[in-house]
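*Asks:* Chains as they are written, first to last, in this note's numbering: chain A, 9 to 290; chain B, 9 to 290.
Structure incoming, see below.
There are 2 protein chains.
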Amino acid sequence: METRELRYFVAVAEELHFGRAARRLGIAQPPLSRAIRQLERRLGVTLLERDSRRVALTAAGSVLLREGRAALDAVDAADRRTRRAGEAAHGGAGLVLVTKAGASSELLPKLLDAYAAEPDSVRVEVLLSGIGEQERLLRDGRADVALLHLPFDSITGLDTEELVTEQQVMVLPATHPLAGRAQLRMADVEALPDLPLPRWPLHDGTYPDGPGPEVRDHSQLLQLVALGRTAVVLPESCRSLLWPDMVAVPVPDAPTVTTVIAWPPHSRSRALAALVRTATRL
Amino acid sequence: METRELRYFVAVAEELHFGRAARRLGIAQPPLSRAIRQLERRLGVTLLERDSRRVALTAAGSVLLREGRAALDAVDAADRRTRRAGEAAHGGAGLVLVTKAGASSELLPKLLDAYAAEPDSVRVEVLLSGIGEQERLLRDGRADVALLHLPFDSITGLDTEELVTEQQVMVLPATHPLAGRAQLRMADVEALPDLPLPRWPLHDGTYPDGPGPEVRDHSQLLQLVALGRTAVVLPESCRSLLWPDMVAVPVPDAPTVTTVIAWPPHSRSRALAALVRTATRL
DNA sequence: AGCGGGCGATACCCGGCGGGTATCGATCCG
DNA sequence: CGGATCGATACCCGCCGGGTATCGCCCGCT
Numbered sequence: 009m010e011t012r013e014l015r016y017f018v019a020v021a022e023e024l025h026f027g028r029a030a031r032r033l034g035i036a037q038p039p040l041s042r043a044i045r046q047l048e049r050r051l052g053v054t055l056l057e058r059d060s061r062r063v064a065l066t067a068a069g070s071v072l073l074r075e076g077r078a079a080l081d082a083v084d085a086a087d088r089r090t091r092r093a094g095e096a097a098h099g100g101a102g103l104v105l106v107t108k109a110g111a112s113s114e115l116l117p118k119l120l121d122a123y124a125a126e127p128d129s130v131r132v133e134v135l136l137s138g139i140g141e142q143e144r145l146l147r148d149g150r151a152d153v154a155l156l157h158l159p160f161d162s163i164t165g166l167d168t169e170e171l172v173t174e175q176q177v178m179v180l181p182a183t184h185p186l187a188g189r190a191q192l193r194m195a196d197v198e199a200l201p202d203l204p205l206p207r208w209p210l211h212d213g214t215y216p217d218g219p220g221p222e223v224r225d226h227s228q229l230l231q232l233v234a235l236g237r238t239a240v241v242l243p244e245s246c247r248s249l250l251w252p253d254m255v256a257v258p259v260p261d262a263p264t265v266t267t268v269i270a271w272p273p274h275s276r277s278r279a280l281a282a283l284v285r286t287a288t289r290l
Numbered sequence: 009m010e011t012r013e014l015r016y017f018v019a020v021a022e023e024l025h026f027g028r029a030a031r032r033l034g035i036a037q038p039p040l041s042r043a044i045r046q047l048e049r050r051l052g053v054t055l056l057e058r059d060s061r062r063v064a065l066t067a068a069g070s071v072l073l074r075e076g077r078a079a080l081d082a083v084d085a086a087d088r089r090t091r092r093a094g095e096a097a098h099g100g101a102g103l104v105l106v107t108k109a110g111a112s113s114e115l116l117p118k119l120l121d122a123y124a125a126e127p128d129s130v131r132v133e134v135l136l137s138g139i140g141e142q143e144r145l146l147r148d149g150r151a152d153v154a155l156l157h158l159p160f161d162s163i164t165g166l167d168t169e170e171l172v173t174e175q176q177v178m179v180l181p182a183t184h185p186l187a188g189r190a191q192l193r194m195a196d197v198e199a200l201p202d203l204p205l206p207r208w209p210l211h212d213g214t215y216p217d218g219p220g221p222e223v224r225d226h227s228q229l230l231q232l233v234a235l236g237r238t239a240v241v242l243p244e245s246c247r248s249l250l251w252p253d254m255v256a257v258p259v260p261d262a263p264t265v266t267t268v269i270a271w272p273p274h275s276r277s278r279a280l281a282a283l284v285r286t287a288t289r290l
């Protein structure tokens with residue numbers, strides 16, 4: 009099976025429409041139809057149920073969609089990491105670290121400084137991603153290593169080392185009635201009529217329904233808190249980047265947050281191993 | 009990047025010889041040379057250092073070897089799993105479970121029976137593999153789920169659930185001087201001049217040096233014990249398949265063994281989820 | 001030093017396949 | 001019932017992946 013065929017199939021399976029898929033791929037519709045038929049013949053499996061009015065995935069088709077996406081990510085990763093390894097020989101970045109924008113604001117600079125001080129450390133590029141994008145970036149090779157936060161991020165399929173565990177605090181505008189309390193309970197947090205909790209994107213990029221604002225990363229979030237539009241429970245290390253008119257109130261019964269360093273399991277390069285070692289020693 | 013190019017590159021990188029690699033691939037040498045050059049030009053990276061006497065990998069080349077193997081495994085997995093999903097629609101096996109030959113002899117039949125009794129369970133094919141082959145089988149799609157044994161097997165990059173934890177026992181011929189002891193210590197086990205411990209294959213399939221016999225799976229192992237050629241420390245559940253002239257002596261200070269059920273993280277099908285759920289309930 | 005052999009690169013040719021356009025046939029809608 | 005939509009089919013072309021022949025280089029043998 010060639011990656012071209014996989015790309016074609018994934019496009020059709022996502023669009024469920026040969027014409028649109030062909031346009032997206034930049035080819036005409038007939039070669040696309042033919043390619044899918046050839047793929048089906050070679051696999052000996054019908055992947056798509058098509059009548060001239062609609063296209064639907066078979067059970068085998070959804071298997072190939074899932075597995076094919078993973079395979080294409082792996083191929084993309086091979087491409088990108090090889091290119092970067094080539095550039096690195098001429099002074100480019102050696103490692104790409106991804107973290108949620110606005111998270112781990114205390115840990116990250118310490119880690120980067122400590123690693124830079126190590127003997128034969130390589131340049132580390134920092135990539136700030138939206139919530140929930142990190143796993144994809146690691147899998148398709150745009151990043152080599154990530155800082156993730158349990159229990160929010162999924163670490164399935166990744167190797168990890170735990171770094172720090174923190175209590176959480178609620179971040180509020182200083183003018184809010186609850187701002188003076190010594191501590192809060194989750195029950196207090198969950199239904200504030202005046203300050204609805206923000207909504208994070210789900211795994212597929214869409215947002216759940218609800219009253220709160222849609223949020224992509226922590227920087228947006230803090231700005232919305234400053235504007236008095238929302239309130240949010242965050243790990244206590246976020247204190248260092250609160251704006252002057254915000255306060256943080258401990259929430260002892262909120263789940264603790266563990267920051268972990270994570271990387272794809274097979275890609276244990278020398279530079280990555282050194283970075284992980286540095287991180288666990290902090 | 010096409011899988012054909014990846015296969016070609018991996019062949020050359022493994023052989024470090026264009027002629028041999030071409031023979032292995034079933035093509036002539038010149039097209040292979042040309043394909044590698046094209047790949048290098050498209051990536052903008054030199055992958056192989058070649059003079060007319062020897063071929064060597066560059067740093068970027070070894071990155072592509074590692075990542076390319078993973079990508080090819082993922083493509084193979086997509087192919088195989090799709091084919092099987094197609095067959096399953098016509099009554100073929102729905103899941104392939106792999107375990108080390110001779111291990112988990114008590115747990116496995118219980119698991120298979122319990123799962124078969126579940127509503128809408130699918131046919132489970134059991135694949136018995138040699139030591140250390142399971143991870144590969146899961147990654148390239150020849151298996152969907154594995155029974156692994158910590159701390160011996162690596163579970164990096166896999167999702168797992170713990171099933172049972174056991175003490176270990178030493179398996180000896182009944183005639184051996186130590187066979188009558190109530191228990192043994194690891195120190196007793198490690199240097200028995202008359203019964204050298206067996207040697208397991210390393211990750212790359214080769215064996216370490218040493219006096220003991222080379223062993224591929226547990227069936228071989230027990231036969232060698234019965235013949236008085238070796239002795240071995242195994243989880244106590246192996247008692248159920250001891251031959252009459254063998255005894256098992258507890259070794260309390262040997263590491264405990266945890267049996268886990270493991271599967272590739274992205275492939276959480278309905279049938280797989282049901283099997284995992286059944287396993288954790290046993 | 002000279003020569004032969006091994007090995008990758010180059011030159012050149014052919015056939016198949018991936019891409020295109022034109023058109024058909026089925027199905028749904030007004 | 002006619003037109004629109006959409007996938008399938010028919011057919012053609014050019015490129016690229018495959019082949020053979022040969023070159024050029026370097027090493028080792030005598």
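Yeah, the Cβ is synthetic: ideal placement off N, Cα and C, and Gly gets one too.
(1) Just by C-beta distance, which residues in the stretch 62-76 of chain A are closer than 9 Å to chain B?
(2) Could you run through the stretch 76-88 of chain B and flag, in chain order, every residue whose CB is less than 7 Å away from some CB of chain A?
(3) Look at the alpha carbon of SER245/B and the alpha carbon of PRO209/A, and state the distance between them as a whole number of angstroms.
(4) Near THR173/A, which residues of its chain fall below 8 Å by C-beta distance, leaving aside the five closest residues on each side in sequence?
(5) Indicate whether the contact test is met: 3 or more Cβ pairs, each with one atom in the stretch 85-93 of chain A and one in the stretch 71-90 of chain B, closer than 8 Å.
(6) Just checking: is the beta-carbon of VAL145/A within a distance shorter than 8 Å of some beta-carbon in chain B?
(7) Return yes when the Cβ of LEU166/A is within less than 8 Å of the Cβ of LEU146/A, no when it is not.
(8) According to DSSP, is MET194/A helix, strand or coil?
(9) Judging by CA-CA distance, which residue of ARG92/B, LEU72/B, GLN191/B, ASP121/B is the nearest neighbour of ARG92/A?
(10) What do you reckon, are the CB atoms on ASP202/B and LEU186/B nearer than 8 Å?
(11) Just verifying my parser: in three-state terms, what is the DSSP assignment at PRO185/A?
(12) Are ALA234/B and PRO273/B close, meaning C-beta to C-beta below 8 Å?
(13) What residues are listed by DSSP as bridge partners for LYS108/A?
(14) Are there three or more Cβ pairs, one per stretch, closer than 8 Å when the stretch 60-71 of chain B is compared with the stretch 23-32 of chain A?
(15) If you follow the alpha helix (DSSP H) that ASP87/A is part of, which residue opens it and which one closes it?
(16) Spell out a yes or no on whether the stretch 121-130 of chain A and the stretch 204-218 of chain A are touching, meaning 3 or more CB-CB pairs, one atom from each, closer than 8 Å.
(17) Pick out whichever of ARG150/A, THR214/A, GLU169/A, VAL255/A has its Cα sitting closest to the Cα of THR90/A.
(18) Which whole-angstrom value is the C-beta distance of GLY237/A and GLY138/A, which I expect to be below 8 Å?
(19) Pairs of beta-carbons, one from the stretch 155-166 of chain B and one from the stretch 150-163 of chain A, closer than 8 Å: are there three or more?
(20) By alpha-carbon positions, which one of VAL241/A, MET178/A, LEU205/A, LEU171/A ends up nearest to LEU290/A?
(21) For GLU169/A, does the count of other Cβ atoms within 10 angstroms reach 16, so buried, or fall short, so exposed?
(22) Taking the alpha-carbon of VAL284/A as reference, which of LEU119/A, GLU133/A, THR183/A has the nearest alpha-carbon?
(23) HIS25/B and VAL53/B: beta carbons closer than 8 Å?
(24) My assumption, with CB atoms under 8 Å, is that THR11/B sits in contact with THR11/A. Please give the rounded CB distance.
(25) List in chain order: all unbroken alpha helix (DSSP H) runs of 4+ residues lying wholly within the stretch 222-274 of chain A.
(26) Since ALA19/B is in the alpha helix (DSSP H), which residue starts that stretch and which ends it?
(27) Measuring straight from C-alpha to C-alpha, what distance separates ALA281/B and GLN142/B?
(28) Less than 7 Å between C-beta atoms, sequence neighbours within five positions excluded: which residues of the same chain meet that for SER129/A?
(29) Identify, in the order they occur along the chain, each residue of the same chain with its Cβ nearer than 8 Å to the Cβ of TYR215/B, setting aside the five sequence neighbours on each side.
(30) Determine the extent of the alpha helix (DSSP H) in which VAL375/B is found, giving its start and end residues.
(31) With DSSP as the reference, label ALA151/B as helix, strand or coil.
(32) Kindly indicate which three-state DSSP category ARG61/B falls into: helix, strand or coil?
(33) I'd like to confirm the pairing. Which residues does DSSP put opposite GLU174/B in its beta bridges?
(34) Could you run through the stretch 149-168 of chain A and flag, in chain order, every residue whose CB is less than 8 Å away from some CB of chain B?
(35) Throw me the rounded Cβ distance for the LEU105/A and VAL134/A pair, which I believe falls under 8 Å.
(36) With 8 Å as the threshold, decide whether the Cβ of GLY52/B is near any Cβ in chain A.
*Replies:* Answer, in terms of the structure:
(1) THR66, ALA67, ALA68, GLY69, SER70, VAL71, LEU72, ARG74, GLU75, GLY76
(2) GLY76, ALA78, ALA79, ALA82, VAL83, ALA85, ALA86, ASP87
(3) 47 Å
(4) THR264, VAL265, THR266, THR267
(5) yes
(6) The amino acid at residue 145/A is misidentified as Val; the sequence shows Leu. No, because no Cβ of chain B sits closer than 8 Å to the Cβ of LEU145/A.
(7) yes
(8) helix
(9) LEU72/B
(10) no
(11) helix
(12) no
(13) SER137/A
(14) no
(15) 67-96
(16) no
(17) ARG150/A
(18) According to the sequence provided, residue 237/A is Arg. The question's Gly does not apply to it. Not really, about 19 Å apart at Cβ, beyond 8 Å.
(19) no
(20) LEU171/A
(21) exposed
(22) LEU119/A
(23) no
(24) 6 Å
(25) 226-234
(26) 11-23
(27) 19 Å
(28) TYR123, ALA282
(29) ARG207, TRP208, PRO209, GLU222
(30) In this structure chain B extends from 9 to 290, so residue 375/B is not present and cannot be described.
(31) coil
(32) coil
(33) VAL265/B
(34) GLY149, THR164, GLY165, LEU166, ASP167
(35) 5 Å
(36) yes
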